[in-house]
Ligand SMILES: *Cc1c(COP(=O)(O)O)cnc(C)c1O
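This is the structure in structure tokens:
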């Protein structure tokens, strides 16, 4: 059996039933009617013949075998770590976690919310600050976010200058250069590890913010207290970049007076993954919550008064605020933050401190051994990284170490760095020393040299406690950890239990065969800065994949560097901007964005220093042509271009897309096609051929990378020929001053490379025909739901022939008007049926956008249709006056088992109507762990640390008492 037949839900007979329902004779006919002829591709995609599962896995094995697994000591923001098997198996390889969606529906997301809150808690404790977000995309872009946050938060300063430590990681400086240039901020570098240089730099310039590295790229640990004080005196805010593991030993940024702390949580159990995905963190002072980028998990209460978790400040979630957003971050690194949180729980503070001590001890022993051999050690104070001087012989040392299976860091021709990580042992210290001796003929020293000379001074060391919450002390045994993780995943609804019909998010199958290779050491254990001859497999995979994606989209070239859709947007807009500036069109700074666009579009435009002008939507949901023309005229030669989503966020193939593109091109603008909806286009039409100059795709939507509860993502940017020179540059190698063409947008050259094998497997196993079939079936599924619900919940927008694309917007507003039941009520009631809600209120308030994807079989589609029809009947009872809205089963949804099994029952509806509204549920029933959550209370009183366990016990007891 081909893989495709398992990827696609409906079987041949079902297709007939579905086609009947939508009134089409065949899939061909349906697609001919739905997709406008003007954009239709008639040739087939040129992709390799599809492989079956074993063939694809062995082809990928061959590619993986071209990578060389070494003991990785390069450091530079990526540290060798051990992913505890219990965490790998129970989280990373557990569909209950990795197939879940962003926790916008908190009642069915309590498990992952608790883990994300635990992540925030660990970050808050270790950094000594008061609030933290639930992950950012990578350390370098997180530093950029910190800089922008300082600019927003510093009301006392009007300066547009930021002072940054030249000891920062090179890739951070590279990303910062591009991001600050785009934002009109002047970046000044100085060695902030040197007190005199720091004092001089601070007094010489008027800065709104300062970024200090607590640990420099060379590994040197300094005390930034004086820098922080001086900066504060000069009216600047201060961000400290730091390392979570080192903070178990070192004084925290909070204690030293920093306003913001930022860094990567990778070494908390997340594999190197050739650069990503890894969770970055950002913590700050109380009172800054509203200017924090990314998501924050907070605590509120549910309908019975019990504590419950939710995304705090959700309506203000940054990208939703469009051009007023604090950042464009939408998809972040939830799954990796969850792994890091579980790692902190697994180890607890004592073991983490012991690990940090062991790494420092090995580094100190290495330094002592080098010194005993007459090798000059560059820094006296370090945590886990030793940099040393071997004039003219760095290459020889690195080569000798490589012969022994070690990757060291070649700083320059005279300098080498060594970073220790969790898997390393004393034996590795000896081996590295031997390699140095061999390569530069240094004197034979004692092995086992004593590193006590390199003890860190007391003043740098931390004395306060951290990770004191019981969660970091409770799950020491694997039995306990396993059960806790099981308990948490049981609380959540993920794709392993229900269709997640989220319009615009394309929650399709993440097949096991696609997932497996990401854990292969030949992929997972490769350092992103490893020498080229060790990473040929990665290069082959990435080049192949970029080529396939270029073919699928019809563009000239693709870069997989952006690690989320939002970052693909930024990269694409920066490409447009650089291209136009190079043509002398500096004034082209206005971008048109339809009112229905995804929030990230406008937020990204602002980060690319573009002004947003909104284009109206016509009655039928298409772009208002008159308004478009008027806006093009009024913007004149300031037009940079337009950002359109195709098919539109209204779920329709607009027939006039080619005119829209032509009108913008005629006015000298570029066309950005947001490709998040590519699931309606694969093999049917190509944005690069019907008018787009640049697009981003979301591999975590269309191309099977799981959503991970809110990340990881990959948002490749695809461009036409004239924009190829402006694709994101390599943050590791490009010369800072030369960088002007393609600014890097992520810290690793290939972004979240670690999850690319998933997409590679999907395309390898489906091929041209399979991708086309995926799109065709997705379109059929959406039309089936639209048609079968049209008498109860009409579809808001349809294209020619009354057809939608791969998703449909169900208009609940007429029923809301007469019943008072809101679209949100319906989302909550769907939980009682065991369903994850569709997309709520986007792009049109009061509606639900449903996207079934090709992976859902007809039984599941029918189950959803039955649920929606049942809820419609319940709404009718309110309309007919049989029950009041306040007393209705819908308003009280979702129902917990605790509520339904309470000894007293005084509701207007029966317990079985609440809990088992349709017979199919008797087979298997999902019980939400909490009732409806109070959103307003959670924002009024923001708590973003784990509440004490007793708070839950007390509330549960009280709630149980109330029910009696
Ligand atoms: C999901 C989505 C985005 C943003 O992608 P992220 O990976 O979440 O940053 C942008 N545009 C559209 C239409 C989307 O659906």
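Numbering (the numbering used here), first residue to last: 4 to 967. Backbone N, C-alpha and C fix where the C-beta goes; we use that ideal spot for every residue, glycine too.
Within this structure, are the beta carbons of residue i and residue j separated by less than 7 angstroms?
i, j, result
"residue 563", "residue 721", "no"
"residue 643", "residue 613", "yes"
"residue 839", "residue 496", "yes"
"residue 750", "residue 178", "yes"
"residue 162", "residue 192", "no"
"residue 615", "residue 605", "yes"
"residue 128", "residue 470", "yes"
"residue 288", "residue 262", "yes"
"residue 1023", "residue 656", "Because the chain here runs from 4 to 967, residue 1023 falls outside it and cannot be looked at."
"residue 945", "residue 36", "no"
"residue 285", "residue 265", "yes"
"residue 506", "residue 857", "no"
"residue 386", "residue 645", "no"
"residue 443", "residue 393", "yes"
In the DSSP assignment, the beta strand (DSSP E) including residue i goes from what residue to what residue?
i, result
"residue 812", "811-814"
"residue 190", "189-193"
"residue 673", "673-678"
If you draw a straight line from the C-alpha of residue i to the C-alpha of residue j, how long is it?
i, j, result
"residue 206", "residue 80", "30 angstroms"
"residue 480", "residue 353", "15 angstroms"
"residue 209", "residue 198", "18 angstroms"
"residue 13", "residue 859", "7 angstroms"
"residue 626", "residue 620", "5 angstroms"
"residue 710", "residue 513", "9 angstroms"
"residue 186", "residue 267", "24 angstroms"
"residue 5", "residue 768", "8 angstroms"
"residue 638", "residue 781", "38 angstroms"
"residue 403", "residue 222", "22 angstroms"
"residue 742", "residue 735", "Only weak support is given to the placement of residue 742: the predicted model assigns it a pLDDT of 44, under 50, and the question is left unresolved by the model."
"residue 66", "residue 276", "15 angstroms"
"residue 226", "residue 251", "15 angstroms"
Between which two residues does the alpha helix (DSSP H) containing residue i stretch?
i, result
"residue 218", "Neither: residue 218 is in no alpha helix (DSSP H) and is coded neither H nor E."
"residue 607", "602-610"
"residue 568", "568-585"
"residue 164", "Unbroken run through residue 164 is the beta strand (DSSP E), 164-168; no alpha helix (DSSP H)."
"residue 476", "474-477"
"residue 280", "Per DSSP, residue 280 belongs to no alpha helix (DSSP H) and is neither H nor E."
"residue 545", "539-556"
"residue 16", "15-25"
"residue 765", "759-791"
"residue 152", "142-156"
Give me, in chain order, the residues of the same chain whose beta-carbon lies closer than 7 angstroms to that of residue i; leave out the 5 immediate sequence neighbours on both sides.
i, result
"residue 617", "596 and 598"
"residue 843", "826, 827, 830 and 851"
"residue 147", "178, 179 and 182"
"residue 492", "97, 99, 100 and 114"
Compare the Cα-Cα distances from residue i to each of the options and report the closest residue.
i, options, result
"residue 181", "196, 150 and 203", "150"
"residue 423", "312, 415, 600 and 409", "409"
"residue 342", "712, 856 and 747", "712"
"residue 582", "509, 475, 701 and 728", "728"
"residue 273", "650, 882, 25 and 95", "95"
"residue 398", "415, 388, 385 and 382", "415"
"residue 337", "909, 249 and 138", "138"
"residue 278", "937, 75, 915 and 52", "75"
"residue 520", "57, 26, 63 and 15", "63"
"residue 762", "502, 358, 893 and 546", "546"
"residue 854", "778, 919 and 816", "778"
"residue 86", "347, 430, 578 and 371", "347"
"residue 158", "291, 220 and 245", "291"
"residue 790", "814, 776 and 774", "814"
"residue 78", "494, 529 and 91", "529"
Spatial neighbours of residue i within its chain, please: CB distance less than 6 angstroms, with the 5 preceding and 5 following residues excluded, ordered by chain position.
i, result
"residue 731", "562, 564, 574, 745, 747 and 748"
"residue 247", "129 and 268"
"residue 432", "365, 368 and 369"
"residue 237", "205"
Is any beta-carbon of chain E found at less than 7 angstroms from that of residue i?
i, result
"residue 885", "Absent from the structure is chain E; it holds one protein chain and no more."
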